[in-house]
Every structure is written in C-alpha cells, then in structure tokens.
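These protein sequence lines are chains C and X, in that order.
The first sequence begins at 1 in my numbering and counts up one residue at a time.
The second sequence begins at 1 in my numbering and counts up one residue at a time.
For reference, the structure is listed below as structure tokens.
Protein chains: 2
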Amino acid sequence: MGKYIFGVDVGGTTVKMGLFDRDGMVVDKWEITTRTENGGEHILPDIADSINSKIAEKQYLKEDVLGIGIAVPGPVNGLGIVSKAVNLGWKETHVKEIMERLCGVPAEVGNDANVAALGEMWKGGGQGYSSLVLVTLGTGIGGGVIADGRLITGAWGAGGEIGHMHVMDGEEEACNCGCKGCLEQYGSATGIVRLAKRMLDKTQEPSVLRGAEITAKAVFDAVKEKDPVAQEIAGEFGEILGKGFAMIASVLNPAAFVIGGGVSKAGEVLFDYIRPPFEKYVFSGCVDARFVLATLGNDAGIYGSAKLVLDTVI
Amino acid sequence: MGKYIFGVDVGGTTVKMGLFDRDGMVVDKWEITTRTENGGEHILPDIADSINSKIAEKQYLKEDVLGIGIAVPGPVNGLGIVSKAVNLGWKETHVKEIMERLCGVPAEVGNDANVAALGEMWKGGGQGYSSLVLVTLGTGIGGGVIADGRLITGAWGAGGEIGHMHVMDGEEEACNCGCKGCLEQYGSATGIVRLAKRMLDKTQEPSVLRGAEITAKAVFDAVKEKDPVAQEIAGEFGEILGKGFAMIASVLNPAAFVIGGGVSKAGEVLFDYIRPPFEKYVFSGCVDARFVLATLGNDAGIYGSAKLVLDTVI
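Written as structure tokens, this is what we have:
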C-alpha cells in the first residue's frame with residue numbers, strides 16, 4: 001500500500017499543495033496559481049501536472065502514492081462531484097473522476113471548510129478531540145463538524161454552514177446569502193467591523209477606534225489596551241457568537257470548538273468574550289465543551305485533504 | 001451468529017420490550033412495570049428476568065440471541081454507562097456491564113430520544129434517509145440526530161438535545177432546564193398551551209378556544225376548523241419551530257426532519273406552519289430537507305434499540 005499522500009487545497013487565487021507521509025509528516029509543500037479563466041477548465045489539469053511532475057521528481061512509483069485529497073470551495077457530494085464553485089468559475093465538476101483519470105491514483109474530494117476541520121483534528125488545535133466543530137472566522141464564517149472522528153458532510157454536501165445559521169431576529173441588513181441575522185453578519189471580520197461602526201455611531205464615548213481604520217484586528221488590539229468602546233463591541237461579538245455556539249452544542253454536544261481564521265489571531269482574549277454567553281445559553285449537559293485556537297492556519301486544508309484520503313482509502 | 005434481538009425501552013412507568021428477528025420483524029412484544037423505588041435498583045434485574053424467561057419460553061439457546069439493546073431516559077457514554085436518569089431514580093449505572101452479566105449476551109445502550117431516531121430511520125417515517133433529525137414534540141422536546149446512517153451521541157451523550165436549543169431572545173419565563181428561550185418553551189405540547197394562553201390574553205377576537213380546556217390537540221383541532229386565533233397561535237408555533245429547524249439544518253444539512261410525539265398527531269397541517277419559516281431562515285444549500293411524520297409512535301424505542309445492536313454487534 002502507498003506510503004505517500006498528496007493534500008491539495010484549491011483556493012480562488014492559489015492552489016496549496018502538500019506531500020505527506022502516512023504519519024502526517026510534510027515531505028514537500030508548494031503552491032501553484034489558480035487559473036480561473038474559461039470556467040476554471042485549467043485548474044484540475046494544472047494540479048494533475050504538478051502532482052505528476054512531483055511524483056517523477058521524487059522518483060516514486062504510482063504504487064507509492066496512496067491517493068490525492070482535494071479540498072474545494074463548494075458543496076461536494078458523496079461521489080466527489082462539486083455542484084458549483086463560484087470562486088473557481090466551476091459549474092458541476094466531477095473532481096474525483098477527473099483527478100483519478102489524470103493521475104492514475106485514488107482521489108477523495110471534500111468541501112474546504114469541512115476538510116480543514118479534519119486537518120485541525122489530525123495535526124492542529126483539535127488534536128485529542130474526536131467530536132469537534134471548527135469555526136473559521138475570516139471574511140465570512142466557515143465551519144466543519146466532526147462527530148466520532150468522522151466528517152458530517154450532510155445530505156447535499158452543505159453540512160457545517162454555521163456562518164449562515166440564523167442567530168438574530170430583527171436584523172435589517174441582509175447577509176451575502178440573502179437571509180437576515182446570520183452568524184456571519186456579527187462574528188466574521190466584516191461582521192465585527194459592522195458591529196464596531198454601529199457602536200461608534202451610537203455612543204459619544206472617546207475611543208482609540210475613532211478616526212482610525214476599523215478592522216477586526218484594530219478592535220481586538222484596542223480591547224487589549226482596555227478601550228471601553230472596543231470592549232463593548234467585543235461584548236456584543238461574544239454574546240452573539242457564544243449564543244450561536246451554544247445552539248450548535250445543544251444539538252451536537254461536541255468536546256471542543258476549534259476557532260480559526262484571521263479573527264482568531266486576536267488569541268485567547270476572544271474566549272473571554274465568547275465563553276460566558278456560551279455558558280448562559282447552552283444546555284447544561286453540553287457546557288463542558290472546550291474552546292481552543294486552530295494552529296494550522298492556511299495549511300489546515302492540505303492536512304485535512306490528506307487525512308480524507310487516509311480515512312477513506314485505508 | 002444470533003438470529004434474534006431484544007429491544008428494550010425503559011420509561012419511568014413501564015418498560016417496553018420487543019423481540020425482533022434481524023430483518024426487524026416483531027416476534028413478540030410486551031411490557032413490564034418500572035419499579036423506581038430504592039434508586040431504581042430493581043429495574044435492570046426485572047428486565048433481565050423478563051428476557052431470560054422469554055428466551056426459555058421460546059426455547060432459544062443463548063447463541064440464538066444476537067444481543068439486547070436498551071434505551072434509557074438519560075445521557076449514555078460510549079461504555080454504556082448512564083450518568084444519571086432522574087425518572088428511573090438512577091445515579092451512575094453501568095447498564096451495559098450489568099445487563100451482559102445478568103443475561104450472558106452482548107448489550108448496547110443508548111439515550112431513548114437518540115435511539116428512537118434510529119428506529120424511525122430503520123422501520124418508521126425516516127426510511128430511505130440516512131441523514132435525519134428526529135424531533136419528538138411531546139410534553140417536552142426530544143431529539144436524535146443521524147448522519148450517514150450513524151447516531152450522533154456527542155462527547156458526553158448529550159447530542160440531540162434540540163429542545164434546549166436557544167431560539168428566542170427576550171423570553172422572561174424560564175424553561176425546566178433553567179435557561180430562557182429554549183425551543184421546548186414554544187414547540188412542545190406545553191409550549192403550545194403557553195403560546196395559546198398568551199395569544200388569548202392579548203386579543204379580543206372570538207375563538208372556539210375561549211373557555212375550553214387549552215391543549216395542543218384543541219389548538220390544532222381549531223386550526224383545522226379555520227379558527228383565526230388558533231391559526232395565529234399555530235403561526236407563532238410554526239415560526240419558532242421552523243426557525244429552530246433552519247438553524248439545525250444549516251449546521252447538519254439533513255435530508256429529512258422526522259416529526260413525532262403527541263403534537264405530531266395533528267398531522268401534516270403542522271408542516272403548513274413550519275415549512276414557510278423554515279425556508280425563510282435556512283441556508284439555501286439546505287432548503288431541500290423533507291418534513292415527514294414519525295410512524296412508530298411508542299415503539300420507536302424498541303425498534304431503535306434493536307437496531308443499535310445490529311449496528312454495533314455485527
């Protein structure tokens with residue numbers, strides 16, 4: 001049986017690629033450009049060329065390769081078919097079939113946010129937890145749910161879309177998805193900026209944030225300097241995120257929430273704001289969930305897609 | 001390998017018992033009384049006696065029995081240990097170990113609401129769906145989550161507690177669990193009565209419900225007679241339940257919600273009120289979830305606990 005696994009994370013501008021051994025040690029790591037022109041028709045052939053060249057460069061036989069894992073930004077069904085991936089220009093694309101044909105080794109495909117959860121469980125902040133929810137607080141909010149060590153992909157590959165869970169009645173602005181009151185509207189980097197601007201408009205209190213460029217980082221930097229307006233913004237952020245996590249915990253009873261994405265760079269101070277509302281809203285039997293930081297950063301997808309192969313092929 | 005399976009559902013007043021073949025056909029079905037005195041110490045020996053007598057009556061050998069599945073009203077960990085079951089008088093109880101010792105065949109233990117979901121998937125309203133959420137609208141709200149054919153029990157056996165998912169800010173009355181704004185406060189039989197009383201106090205409109213005994217059944221009977229106040233109550237019920245289901249769907253993307261419990265006797269009219277708010281609040285990728293009625297009634301637990309044995313022992 002093959003000793004090596006390729007983990008591939010297809011993003012809208014670059015494709016991250018990793019070559020791993022079966023223990024998850026990185027043998028090699030590199031990137032190629034994502035060519036999205038013409039409906040993204042070059043993306044999979046480019047990845048296959050890069051993998052085939054790497055196999056040749058390392059003087060591996062095809063039998064040395066256990067498989068290729070591929071994380072894509074879109075819903076994936078059980079047959080490795082992506083129904084749509086807007087950032088790549090893809091309509092329905094039979095990723096598993098195409099990659100297996102172009103590379104001659106087994107391929108497994110997963111949604112990028114889901115797959116990142118597998119990566120964090122395997123080699124990141126979620127190590128030691130077999131039931132966890134990865135929450136990626138970036139421009140939007142992505143998520144991945146793992147129960148008993150296995151990814152919950154859902155009936156149509158849309159499992160873990162926790163950014164679009166309704167958490168707030170009475171919201172008047174619409175989320176990118178068209179709904180009103182999604183978690184993403186408050187807990188993402190853009191959500192924090194929105195909360196900050198609302199708060200600064202509402203109060204006359206002095207704040208280092210006034211006149212500055214408002215970003216999630218600026219807000220949490222100000223929180224660390226004990227700026228009272230920033231603390232109030234963080235309080236609102238934590239109240240909504242803690243409530244959302246409590247809703248999820250009451251349904252899934254995970255052992256841990258693993259928090260990643262750009263916003264998580266603020267560090268454990270986030271948990272000071274998220275934990276108390278979480279405890280207020282959660283069912284008592286689920287209150288012991290831990291909050292931990294993701295540690296793999298942008299590499300979560302290549303680790304997770306490699307793990308997807310390990311979990312499926314072996 | 002054994003041909004027969006016992007399915008046991010331990011309730012606070014009676015223990016329901018079923019003897020099944022491996023295709024899920026009922027060979028026999030009976031009940032015994034639950035003796036909760038002295039910390040419920042008689043319950044498991046009583047069940048074991050009843051099973052051992054049945055094995056003797058049927059002239060089976062122990063080898064003919066594949067195992068015993070037991071559904072209990074409390075959280076169950078992966079070792080078949082129940083941490084507490086208030087309705088039975090139990091503190092920590094090693095159910096699996098005790099039953100295997102008393103009966104000499106393998107035993108598997110699950111939470112009753114979770115196990116009922118397995119039963120409905122196997123032989124009830126959830127047949128054909130491998131990802132589903134069972135929602136039991138009774139005095140309270142129970143739940144069970146199945147993803148890819150497997151029960152999600154959670155890290156501490158509290159998975160599927162959807163009755164205690166927070167769905168409403170600003171609620172002033174507390175739920176039995178101590179929190180405010182739980183799904184159970186609006187969607188259960190008692191929740192509907194609460195909504196009905198509030199609505200009747202708020203409006204002067206005539207209604208067949210005025211002066212009558214308010215029950216969930218009375219409300220939905222009045223809905224079927226097109227009583228406008230009852231329709232308004234059902235609208236509020238559906239708005240909150242549909243929103244709660246949408247939250248769950250955005251995280252899990254189930255293929256179906258299977259609705260059981262006493263309230264579900266109202267029938268498909270419930271879905272007329274739940275479906276539109278569900279569609280309003282849910283993430284677009286998860287909108288195709290079906291709503292179906294549970295069909296096994298009080299037998300869901302014995303079917304599900306038998307299925308638990310089939311899934312684990314084979």
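For glycine and all other residues, C-beta sits at the position ideal for the given N, C-alpha and C.
Which chain X residues sit within Cβ distance under 9 angstroms of C:Val251?
Stepping through the first sequence from its first residue, residue 251 of chain C is reached at position 251. Val133, Gly143, Val145, Ile152, Gly154, Gly159, Gly160, Glu161, Ile162, Met165, Met247, Ile248, Val251, Leu252, listed in chain order.
Neighbour-count burial assignment, C:Asn111, 16 or more Cβ in a 10 Å radius:
Along the first sequence, one-based indexing puts residue 111 of chain C at 111. Its Cβ being crowded by 16 or more others within 10 Å, C:Asn111 is buried.
4 or more residues per run - each alpha helix (DSSP H) lying fully within the segment 247–271 of chain C
none
Along the segment 231–244 of chain C, what residues have a CB closer than 8 angstroms to any CB found in chain X?
Against chain X - using a Cβ distance shorter than 8 angstroms - the residues of the segment 231–244 of chain C are Lys243.
Using three-state DSSP, classify X:His42 as helix, strand or coil.
Start at 1 with the first residue of the second sequence, and residue 42 of chain X comes out as number 42. It is coil, neither helix nor strand.
Does C:Ser264 come within less than 8 angstroms of chain X when only Cβ atoms are used?
Position 264 of the first sequence, counting from 1, holds the residue named residue 264 of chain C. Taking Cβ atoms only, chain X never reaches closer than 8 angstroms to C:Ser264, which makes this a no.
Would you list, in chain order, the members of the segment 285–305 of chain X that have their beta-carbon closer than 8 angstroms to a beta-carbon of chain C?
Gly285, Cys286, Asp288, Ala289
State the Cα-Cα distance for the pair C:Gly163 and X:Leu79, rounded to the nearest angstrom.
In the first sequence, the residue the question calls residue 163 of chain C occupies position 163. In the second sequence, the residue the question calls residue 79 of chain X occupies position 79. Distance between the alpha carbons of C:Gly163 and X:Leu79 is about 34 angstroms.
Three-state secondary structure (DSSP) of X:Met25:
The count along the second sequence starts at 1 and reaches residue 25 of chain X at position 25. If DSSP states are grouped into helix, strand and coil, X:Met25 belongs with coil.
Using only the alpha-carbon positions, how far apart do X:Val109 and X:Val309 sit?
Against the second sequence, residue 109 of chain X aligns to sequence position 109. Against the second sequence, residue 309 of chain X aligns to sequence position 309. So the alpha carbons of these two residues sit roughly 9 angstroms apart.
Quick one: does C:Tyr281 have its CB under 8 angstroms from some CB of chain X?
The residue labelled residue 281 of chain C in the question sits at position 281 within the first sequence. With 8 angstroms as the cut-off, C:Tyr281 counts as an interface residue toward chain X.
In angstroms, rounded to a whole number, what distance separates the CA positions of C:Thr14 and C:Leu195?
Locating residue 14 of chain C in the first sequence gives position 14, where the first residue counts as 1. Locating residue 195 of chain C in the first sequence gives position 195, where the first residue counts as 1. One alpha carbon belongs to C:Thr14, the other to C:Leu195, and they sit about 31 angstroms apart.
Own chain partners of X:Ser131 with C-beta closer than 6 angstroms, once the 5 adjacent residues on each side are dropped
For this step, residue 131 of chain X is matched to residue 131 along the second sequence. Within the same chain, X:Ser131 has close Cβ partners Ala147, Pro254, Ala255.
Own chain, CB closer than 8 angstroms to C:Leu66, minus 5 neighbours either side, in chain order:
Along the first sequence, read from residue 1 onward, the residue named residue 66 of chain C stands at position 66. Only Met1, Gly2, Lys3, Tyr4, Ile5, Arg22, Val105, Pro106, Val309, Leu310, Val313, Ile314 meet the Cβ criterion.
Quick check on the DSSP output: the beta strand (DSSP E) that includes X:Glu108 runs from which residue to which?
For the purposes of this step, residue 108 of chain X is identified with residue 108 of the second sequence, where counting begins at 1. Its beta strand (DSSP E) spans residues 107–111.
What are the residues that DSSP puts in a beta bridge with C:Cys182?
Position 182 of the first sequence, counted from the start, is the residue given in the question as residue 182 of chain C. The secondary-structure analysis by DSSP pairs C:Cys182 across a beta bridge with C:His166.
Out of curiosity, what's the CA-to-CA distance linking C:Val193 and C:Asp201?
Position 193 of the first sequence holds residue 193 of chain C. Position 201 of the first sequence holds residue 201 of chain C. Straight-line Cα distance between these residues: approximately 12 angstroms.
Boundaries of the alpha helix (DSSP H) in which C:Arg194 is found, first to last residue
Position 194 of the first sequence, counting from 1, holds the residue named residue 194 of chain C. 189–202 is the extent of the alpha helix (DSSP H) around C:Arg194.
For the putative contact between C:Glu92 and C:Ala300, defined by C-beta atoms under 8 angstroms, what is the C-beta separation to the nearest angstrom?
As a working note, residue 92 of chain C is residue 92 in the first sequence. As a working note, residue 300 of chain C is residue 300 in the first sequence. Going by Cβ atoms, the distance from C:Glu92 to C:Ala300 rounds to 26 angstroms, so no, they are not a contact pair.
Can you check whether the C-beta of C:Cys177 is within less than 8 angstroms of a C-beta belonging to chain X?
Within the first sequence, the letter at position 177 stands for residue 177 of chain C. It does; some Cβ of chain X falls within 8 angstroms.
How is X:Trp214 classed by DSSP in three states: helix, strand or coil?
Within the second sequence, numbered from 1, the residue matching residue 214 of chain X stands at position 214. In the sequence on display, residue 214 of chain X carries Ile and not Trp. X:Ile214: coil per DSSP, three-state reduction.
X:Pro228 at chain C interface by Cβ criterion, 8 angstroms
Taking the first residue of the second sequence as position 1, residue 228 of chain X is located at position 228. False, the Cβ-Cβ gap to chain C never drops below 8 angstroms.
Straight-line Cα distance separating X:Val282 from C:Ala249:
Taking the first sequence and counting its residues from 1, the one referred to as residue 249 of chain C is at position 249. Taking the second sequence and counting its residues from 1, the one referred to as residue 282 of chain X is at position 282. Taking the straight line joining both Cα atoms gives about 18 angstroms.
In the DSSP assignment, what residue or residues form a beta bridge with X:Thr93?
If you number the second sequence from 1, residue 93 of chain X lands on position 93. Paired residue(s): X:Val82.
Can you tell me whether C:Thr312 is helix, strand or coil according to DSSP?
Here residue 312 of chain C is taken as the residue at index 312 of the first sequence, counted from 1. C:Thr312: helix per DSSP, three-state reduction.
Is the beta carbon of C:Gln185 sitting closer than 8 angstroms to the one on C:Glu173?
Residue mapping note: residue 185 of chain C aligns to position 185 of the first sequence, counting from 1. Residue mapping note: residue 173 of chain C aligns to position 173 of the first sequence, counting from 1. Yes.
Environment of X:Glu63 [buried if 16+ CB atoms lie within 10 Å]
The residue you call residue 63 of chain X lines up with position 63 of the second sequence. When all chains shown are included, X:Glu63 counts as exposed.
Roughly how many angstroms separate the alpha carbons of C:Leu209 and C:Gly125, rounded to a whole number?
Along the first sequence, read from residue 1 onward, the residue named residue 209 of chain C stands at position 209. Along the first sequence, read from residue 1 onward, the residue named residue 125 of chain C stands at position 125. Those two C-alpha atoms are separated by around 31 angstroms.
Is there contact here, the segment 271–281 of chain X with the segment 236–245 of chain X, by at least three beta-carbon pairs under 8 angstroms?
yes
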